[in-house]
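Asker:
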Amino acid sequence: MHRKFSAFSKKPRSVEVAAGSSAVFEAETERAGVKVRWQRGGSDISASNKYGLATEGTRHTLTVREVGPADQGSYAVIAGSSKVKFDLKVIEAEKAEPMLAPAPAPAPAEATGAPGEAPAPAAELGESAPSPKGSSSAALNGPTPGAPDDPIGLFVMRPQDGEVTVGGSITFSARVAGASLLKPPVVKWFKGKWVDLSSKVGQHLQLHDSYDRASKVYLFELHITDAQPAFAGSYRCEVSTKDKFDCSNFNLTVHGEGSLVSVLASLGVPLHSDSHEDTGILDFSSLLKKRDSKLEAPAEEDVWEILRQAPPSEYERIAFQYGVTDLRGMLKRLKGMRRDEKKSTAFQKKLEPAYQVSKGHKIRLTVELADHDAEVKWLKNGQEIQMSGRYIFESIGAKRTLTISQCSLADDAAYQCMVGGEKCSTELFVKEPPVLITRPLEDQLVMVGQRVEFECEVSEEGAQVKWLKDGVELTREETFKYRFKKDGRRHHLIINEATLEDAGHYTLRTSGGQALAELIVQEKKLEVYQSIADLTVGAKDQAVFKCEVSDENVRGVWLKNGKELVPDSRIKVSHIGRVHKLTIDDVTPADEADYSFVPEGFACNLSAKLHFMEVKIDFVPRQEPPKIHLDCPGRVPDTIVVVAGNKLRLDVPISGDPAPTVIWQKAITQGNKAPARPAPDVPEDTGDSDEWVFDKKLLCETEGRVRVETTKDRSIFTVEGAEKEDEGVYTVTVKNPVGEDQVNLTVKVIDVPDAPAAPKISNVGEDSCTVQWEPPAYDGGQPVLGAES
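Each residue of the sequence shown is one higher than the one before, counting from 1 in the UniProt record's numbering.
(1) Taking only runs of the beta strand (DSSP E) that begin and end inside the stretch 473-557, which ones reach a length of at least 3 residues, in chain order?
(2) Among the candidates A174, L402 and Y391, whose CA atom is the shortest distance from the CA of residue 799?
(3) Could you tell me if I396 is buried or exposed, where buried requires 16 or more neighbouring beta carbons within 10 angstroms of its beta carbon?
(4) Could you give the C-beta distance for D470 and G504, rounded to a whole number, given that I count them as a contact under 8 Å?
(5) Based on Cα-Cα distance, which residue from D657, E457 and N605 lies nearest to V435?
(6) In three-state terms, what does DSSP make of E602?
(7) Leaving out five residues before and five after residue 791 in sequence, what residues of the same chain have Cβ atoms less than 7 Å from its Cβ?
(8) Is the shortest distance between the beta-carbon of E501 and the beta-carbons of chain C less than 8 Å?
(9) Over the uninterrupted beta strand (DSSP E) stretch that includes V749, give me the two end residues.
(10) Please report the distance separating the alpha-carbon of K11 from that of Q416.
(11) DSSP puts N249 in a beta bridge; with which residues?
(12) Secondary structure at D87, three-state DSSP: helix, strand or coil?
(13) Counting only the same chain and skipping the five closest in sequence on each side, list residues whose C-beta sits under 6 Å from that of E221.
(14) Assign H611 to buried or exposed, taking buried as 16 or more other Cβ atoms, counted over all protein chains shown, within 10 Å of its Cβ.
(15) Applying the 10 Å Cβ sphere with the 16-neighbour rule, what's the burial state of N561?
(16) Using a 10 Å radius around the Cβ and a threshold of 16 neighbouring Cβ atoms, would you call T165 buried or exposed?
(17) Tell me the rounded alpha-carbon separation between G453 and Q444.
(18) In whole angstroms, give me the CA-to-CA distance for C769 and P759.
(19) Identify, in the order they occur along the chain, each residue of the same chain with its Cβ nearer than 6 Å to the Cβ of A32, setting aside the five sequence neighbours on each side.
(20) Considering only the alpha carbon of each residue, which of I404, F347 and G739 lies closest to D657?
(21) Take V566 as the anchor and find which of E614, I584 and I576 has the nearest alpha-carbon.
(22) So, using beta-carbon positions, are H492 and K485 closer together than 8 Å?
(23) What is the rounded straight-line gap between the Cα of E727 and the Cα of N744?
(24) Taking the C-alpha atoms as reference points, what is the distance between P132 and L219?
(25) May I have a chain-ordered list of the beta strand (DSSP E) segments no shorter than 3 residues that lie completely inside the stretch 687-735?
(26) Helix, strand or coil: how does DSSP classify K200 here?
(27) When DSSP labels each residue in this structure, what does A7 get in the three-state scheme?
(28) In chain order, what residues of the same chain lie with their CB nearer than 6 Å to the CB of V187, ignoring the 5 residues before and after it?
(29) Could you tell me the distance, in whole angstroms, from the CA atom of V24 to the CA atom of A410?
(30) Please classify H372: is it buried, with 16 or more other beta-carbons within 10 angstroms of its beta-carbon, or exposed?
(31) What does the alpha-carbon distance come out to for the pair V195 and Q228?
(32) When you compare only the Cα positions, how much space is there between A54 and S48?
(33) For L698, count the other beta carbons within 10 Å of its own beta carbon; 16 or more makes it buried, fewer makes it exposed. Which is it?
(34) Taking just the CA atoms, how far does P440 sit from A346?
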């Protein structure tokens, strides 16, 4: 599967509220329409007087009203396979609203951030108690009651020192008096002396600010999540206005394991890749490139010596820990190493039996010769080494040195120094840097039978990793259950069909760290769309039990009085899609029993009883009202136009059970004009002078020029050689015992119009006269437009 991105674009964060007030948690999903569940203690939260749940587009809100000590604890929000945990801490009302006393004036060195500055005394900074150890979240708010006024400084509450465990969250707060300010103050947060934290805002760090109009105090917050050992150190908050400046120093202590990470950070090794997805990770150690040249890295353990002393059962663990990819080859080289105790005539000091160097560093191989003027040759795996940019030969007195710079894995080999016919040998092991976790695993929530895919990204391509479940390593032999996949720096663990036993904590371990995630597997919820119903049947009749469930892949078994039912020639079991059916032919008294359907994998069953009766119960078929099916909007068909002399065919689809009776009728009109609008039961403008009568002519002939043919599903009305007398409104009616339906159809016949009546000539003059005539009795279906002279 593709990488499982988190379903949340904004995650709720832990809060600290006063007792009696409301706590609001907000989450935003990447798209609208995502179903979100809120939980407390692993149980779903429903809307009530206590809890308010709201969704607006991609924004989801949980409101805890009138919080008390019982509401304190851990909460979670779940969307799809993503689960985010957060905490609610409830404090006493008097502690939640401390006295906002002005803070003391800062020392001069503190304002400038000069090197060697000392933290202000606790009393001067308005010290507050640090967060207790082991807490996953802390908020450092509120100055010490009774703190002295600060007539110069801008702070009314300074950020205080804090402590947090690895992976936890912490919030530092600063309050600034705004009563005398015309514009909001400018606040900056720094790590150390120069790292501006505004450039690090993202996954692990957020900056928030707000203004309280009642107290006229600005609140600025620095929120750190998923704390790492590298985040520990000194911080600084600076506030400035048009004519004032103030700053305050504070420290963050991170407790917990991760000694390897902290050592790497102290040496300046970047803790994360430069991937754009790591925005917001506090990679302060990458800035420590210019460090004191006198500082030396702690001595590395000698892998050769460790392997020499370790039992064979520990070889694999050591190889994984130190990044040994060719363990068999290294053991073979280790076995071949022998310290030559024989006195040498050419060497006063030989090479050590083995060396090791970190990838990218340089190594010096040095010997001392008996003859200061003797020439030496250096060989690598038996081939002479030529001087180049990476290989440098040095000769100082009796010392001969081979320097290899920027060592790579290709330099991992056997080396010899040869003087005449005598030589001394050594083995060089190039150690790769520890493989670090650049993108951790994510917790997942799935249903039984769903596919699970954990994905983790490490700092090196093709790195060796180990997967563990609840601390026990998952081996490659368990391919029937787990599938392991590598894609560059990404590593995947796939479980095709999750079971309840798969729930637990999964770990990806590298030589430089580990990532942990929790898998929660819940039982599938099966919805029953149609349950089986009790049946009462007589002898020789057929009994059919049928049910429909929400999952078409669910299988199940049928039981009779609690025992599995075995199909035979009379008893048949079928499963088509979501429908499961049990059919019993030729029912006998022995078939009277309790029948149940039990879906596999679900703790439920559907039950019904079969009652046997000697008297046959007549089956009453279901009846359906008749219906005329025409593709005409609003059931008012358009006018049907036919040219005189052509065939008119009206094909009307019908339905109904029992089969309906069809009646065709033609409306009889008064007046000279042919009907041009629907019958009187169709709403229409009645401004026309024509007058409709309610009598209708019944059309039922099956032969001749006008005939009607009716089948079960359609009725066909045919007129051979349409004439102008066929023009008019036809009504088709369908009836059966449970109802009727009716539709009016307007037929218009286009023909040659009649000749007009003889014209009347009057007002005859010398060069003009008046001609009058009546329009033809039949206008051919089109109005008369004018006359030609």
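Positions of the beta carbon are idealized from the N, C-alpha and C atoms, including for glycine.
Answerer: From the atom records:
(1) 483-487, 490-495, 504-510, 513-522, 528-530, 535-538 and 543-549
(2) No answer is possible for residue 799: it lies beyond the span of the chain, which begins at 1 and ends at 789.
(3) exposed
(4) 5 Å
(5) E457
(6) A small correction: the amino acid at residue 602 is Phe; Glu does not occupy that position in the sequence shown. The answer is coil: DSSP assigns F602 none of H, G, I, E or B.
(7) Any answer about residue 791 is impossible in this case: the structure gives the chain only from 1 up to 789.
(8) Note that chain C does not occur in the displayed structure, where there is just one protein chain.
(9) G739 to I750
(10) 60 Å
(11) R236
(12) strand
(13) T171, S173 and H208
(14) exposed
(15) exposed
(16) buried
(17) Per the sequence presented here, residue 453 reads as Glu, with Gly not at that position. If I take the Cα positions, the gap works out to 9 Å.
(18) 12 Å
(19) G57 and T58
(20) G739
(21) I584
(22) yes
(23) 13 Å
(24) Below a pLDDT of 50, predicted positions are generally treated as unreliable, and P132, at 37, falls in that range; the measurement from the model is reported next regardless. Distance between the alpha carbons of P132 and L219 is about 23 Å.
(25) 691-699, 706-710 and 714-719
(26) helix
(27) coil
(28) F220 and V239
(29) 58 Å
(30) exposed
(31) 17 Å
(32) 12 Å
(33) exposed
(34) 56 Å
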